[in-house]
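**Q** My numbering applies: residue 1424 is where the sequence shown begins, and numbers increase by one. All C-beta atoms in this analysis are idealised placements derived from N, C-alpha and C, irrespective of residue type, glycine included. Dropping a structure here in structure tokens format, bear with me for questions.
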Amino acid sequence: MERKHLDFRFDLKALDAQGTFEGYASLFGVADGFDDVVAPGAFTQTLARNDGGRGVKMLWQHDSAEPIGAWESIAEDGQGLRVRGRLLLDVRRGAEAYALLKAGAIDGLSIGYSAVEAATDPETGLRTLVEVALWEISLVTFQACPGARVSAVKGAAPNTIREFERFLREAGGYSHQDARAIAAGGFKTLTQRDAGGELNELVASLRRAATILTND
């Protein structure tokens, strides 16, 4: 199963001097930057297989080489996925994450998951995650935006028509309806014709245009 990230602003409820904190890592019914929505009960099976979430890793920025603590409790409630964890303050990155959280300099959590069962609404384009396999939960600097995904951070062109639609709305300022029409008419042709070259050029042009509009 392909692993992806789903990002939310971290609703921090508590942070003590020992590095223990709690809050919500995911909220039900809230769309992320790529129109993915988590349904209630989506985590039930994976939490049962992972001893109530204790097998889920706590990472820094989705980097498997940088564990920064341990999750003591992960559970679903009426709002979403409530977590309680402890940062390892004798680990350099854990201590840094604690300082940044305390200062409010970071406020993002991102779950690393694979979709086990999902359904897309053809009218809205929203994809509802009915069941997910949860691998890790990361503290992240940026969340709930297109750049949160690895391919976008590296500057790659959109890989799917849905990502292209989202990019047209975010970077180009197009409405949802216009972005869908442009993507439907142009994405398939560009990818078939050039396997990325012209699509990358178009993405770069849209970025330049968005920058000019933003700076005016």
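Report buried or exposed for S1496, applying the criterion of at least 16 other Cβ atoms within 10 angstroms of its Cβ.
**A** Per the 10 Å Cβ criterion, exposed.
**Q** Spell out a yes or no on whether the segment 1532-1540 and the segment 1551-1564 are touching, meaning 3 or more CB-CB pairs, one atom from each, closer than 8 Å.
**A** With the cut-off at 8 Å, the segment 1532-1540 and the segment 1551-1564 touch.
**Q** My assumption, with CB atoms under 8 Å, is that A1465 sits in contact with V1553. Please give the rounded CB distance.
**A** Right, their Cβ atoms sit about 6 Å apart.
**Q** Does DSSP classify I1605 as helix, strand or coil?
**A** Of the three classes helix, strand and coil, the one that applies to I1605 here is helix, per DSSP.
**Q** What does the alpha-carbon distance come out to for the pair D1455 and V1539?
**A** C-alpha separation (whole angstroms): 18 Å.
**Q** Using DSSP bridges, identify the partner residues of W1483.
**A** Note: W1483 sits in a beta bridge opposite D1486 and L1562.
**Q** Please go through the same chain and pick out, in chain order, the residues whose beta-carbon is closer than 8 Å to the beta-carbon of H1485, but skip the five residues on each side of it.
**A** So the list reads H1428, S1533, G1535, E1559, S1561, V1563 and V1573, once near-sequence residues are dropped.
**Q** Use the C-beta contact count for G1501: other C-beta atoms within 10 angstroms, 16 or more gives buried, fewer gives exposed.
**A** Label assigned to G1501: exposed.
**Q** Using only CA atoms, which one of A1448, R1505 and A1522 lies nearest to Q1441?
**A** Closest by alpha carbon: A1522.
**Q** Which residues share a DSSP beta bridge with D1459?
**A** Paired residues: R1550.
**Q** Starting from G1535, trace the alpha helix (DSSP H) both ways and give me its first and last residue.
**A** Counting along the chain, G1535 falls outside any alpha helix (DSSP H), though it belongs to the beta strand (DSSP E) covering G1531 to T1543.
**Q** DSSP state of A1440, grouped into three classes?
**A** The answer is coil: DSSP assigns A1440 none of H, G, I, E or B.
**Q** For the ligand NAP, any of its heavy atoms closer than 7 Å to the Cβ of E1489?
**A** Because no ligand of any kind appears in the structure shown, any question about the ligand NAP cannot be addressed here.
**Q** Excluding the 5 residues preceding and the 5 following T1543 in the sequence, name in chain order all residues of the same chain whose CB lies nearer than 6 Å to its CB.
**A** For T1543, where only same-chain residues beyond five positions count, the Cβ hits under 6 Å are R1550.
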